[in-house]
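First up is the structure itself, then whatever we jot down about it.
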Amino acid sequence: MRISLIIPTLNERDGIGYTLDTIHEVQEKETHELFPKETIEWEVLVIDGGSKDGTQEIAKEKGAKVVEELRRGYGRAYRTGFALATGDFIATMDGDGTYPASEIPWMIKRLIHTKLDFISGDRLTLMEKKAMTTEHRIGNWLLNSSMRVLFHQVLKGVPAKVLTDSQSGMWVFRRSILPSLRLTQDGMPLSEEIKLEVLLHGFKFEEMPIHYAERWGQPKLSSWHDGLGNLRWLVEKRIQVSQETRNTSKLGVPATRPHSP
Ligand SMILES: Nc1nc2c(ncn2[C@@H]2O[C@H](COP(=O)(O)OP(=O)(O)O)[C@@H](O)[C@H]2O)c(=O)[nH]1
Ligand SMILES: [Mg+2]
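Taken in order, the sequence shown gives residues 62 to 322; the numbers are from this note's numbering.
Okay, structure coming up:
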């Protein structure tokens with residue numbers, strides 16, 4: 062079994078070393094404990110946006126494959142990483158030490174045993190207060206509520222509690238579902254887009270509560286600017302889904318959904 066772990070970074074000198082160290086520990090410990098009979102290969106891809114603070118050098122020294130992606134954006138970095146990943150499973154996390162790498166083997170085990178396609182880490186259920194600023198917490202609440210209200214009709218069959226944390230950046234999923242997902246966003250909205258695409262296509266999705274820690278180094282996203290961008294994108298996506306549903310029912314055939322890596 063092969064696992065591709067993708068980490069986007071932009072000037073994460075303070076956190077990338079720690080993040081990669083925790084991954085090495087997981088490769089040695091949890092992975093063997095949970096899959097004792099299997100050979101597990103890890104591919105760690107750091108998709109770096111042209112950091113000037115030594116992030117790339119630290120990541121290389123710690124054994125990651127560093128890919129420089131100078132086109133800006135969190136979503137752009139992931140789309141580039143997805144196109145390069147070769148694993149059966151893809152896992153994602155920030156390079157700032159906030160997400161628990163030790164949960165990745167558990168998430169993969171759950172994916173396999175319960176025949177799921179995608180698990181998203183839910184940061185909010187177990188979160189310690191200091192792990193997120195008040196602005197970030199309000200923004201999350203607003204975006205989660207907006208998604209629930211806007212997509213209520215569309216996601217009728219999906220249980221109400223399924224998207225507790227629409228902004229989480231820790232996902233573990235089968236690479237085989239990627240060609241079906243239409244991922245278009247270069248910025249933060251990719252985090253909502255990937256989850257919505259998974260749900261809209263009827264793939265089996267679940268959230269798993271994870272421990273989310275305080276960040277190392279400076280945040281790269283602005284709560285208000287990026288939060289508003291995410292909200293605007295949610296409204297646009299909702300309109301697009303309505304138009305596609307209308308066209309589909311008029312023509313009697315499914316609308317084509319080309320994938321752009
Ligand atoms: N390659 C790349 N990585 C980025 C970019 N913007 C943010 N990141 C990385 O994406 C991850 C998420 O950003 P972060 O500031 O932690 O967002 P937050 O967790 O929502 O506060 C971090 O590892 C950042 O270094 C970018 O433009 N390019
Ligand atoms: Mg972060």
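Glycine included, C-beta positions come from ideal geometry on N, C-alpha and C.
Taking residue i as part of the alpha helix (DSSP H), name the residues at either end of that continuous run.
i: P166; result: 165–174
i: G76; result: 74–89
i: T195; result: 195–211
i: L106; result: Note, L106: premise wrong, no alpha helix (DSSP H); beta strand (DSSP E) at 102–109.
i: V259; result: 251–261
i: T116; result: 116–122
Please name the residue in the options whose C-alpha comes closest to that of residue i.
i: E99; options: I64, K121, G78; result: I64
i: W9; options: V219, W232, R307; result: Beyond the ends of the chain as shown, which are 62 and 322, falls residue 9; an answer cannot be given.
i: T92; options: P69, M62, W285, S252; result: M62
i: I199; options: S283, Q117, V107; result: S283
i: I238; options: R74, L177, P69; result: L177
i: G134; options: L145, K121, T116, I108; result: I108
i: D218; options: D114, L260, T195; result: It should be noted that the sequence gives Gly, not Asp, for residue 218. Per the Cα distances, L260.
i: S112; options: Y139, L71, L81, E253; result: L71
i: V302; options: F179, I84, L211, P250; result: L211
i: F179; options: T186, N205, F264; result: F264
i: R299; options: K311, V215, F234, M249; result: V215
i: T153; options: R132, P97, W103; result: W103
i: F234; options: M249, K121, S206, I169; result: I169
First and last residue of the beta strand (DSSP E) that includes residue i?
i: E130; result: Neither: E130 is in no beta strand (DSSP E) and is coded neither H nor E.
i: I68; result: 63–70
i: E267; result: 266–270
i: V233; result: 232–235
i: F179; result: 179–183
i: S153; result: Checking the sequence shown, residue 153 turns out to be Thr, not Ser. Start and end: 150–153.
Rounded to whole angstroms, what is the Cα-Cα separation between residue i and residue j?
i: L224; j: G156; result: 24 Å
i: Q304; j: G182; result: 31 Å
i: T309; j: R137; result: 29 Å
i: Y79; j: I119; result: 10 Å
i: T317; j: R236; result: Low confidence applies here, because T317 scores a pLDDT of 46, under 50, leaving its location unreliable and the question unanswered by this model.
i: D149; j: V296; result: 33 Å
i: L66; j: I151; result: 6 Å
i: Q117; j: R307; result: 47 Å
i: R74; j: P280; result: 12 Å
i: E189; j: I68; result: 23 Å
i: N201; j: E253; result: 11 Å
i: L289; j: E275; result: 23 Å
i: T195; j: W285; result: 12 Å
i: L81; j: R293; result: 34 Å
i: A192; j: W277; result: 11 Å
i: R209; j: G115; result: 40 Å
i: L256; j: M269; result: Here residue 256 turns out to be Lys, not Leu, going by the sequence shown. Approximately 14 Å between the Cα atoms of the pair.
i: K90; j: D287; result: 37 Å
i: L251; j: E258; result: 10 Å
i: E130; j: T141; result: 8 Å
i: T147; j: L95; result: 22 Å
i: Y139; j: H197; result: 22 Å
i: P220; j: F266; result: 11 Å
i: N291; j: S206; result: 13 Å
i: G76; j: L204; result: 27 Å
i: G110; j: F143; result: 15 Å
i: K121; j: L145; result: 17 Å
i: P97; j: L187; result: 29 Å
i: M249; j: T83; result: 25 Å
To the nearest whole angstrom, what separates the beta carbons of residue i and residue j, a pair I think is in contact under 8 Å?
i: I165; j: V105; result: About 11 Å; that fails the 8 Å criterion.
i: S227; j: R184; result: Not quite, the Cβ-Cβ distance comes to about 11 Å (not below 8 Å), so this is no contact.
i: H272; j: S241; result: Rounded, the Cβ-Cβ distance is 31 Å, inconsistent with contact.
| Is it a yes or a no for the segment 153–164 touching the segment 236–245, going by three-plus beta-carbon pairs under 8 Å? | no
| query | Between the segment 171–183 and the segment 126–145, are three or more C-beta pairs nearer than 8 Å? | reply | no
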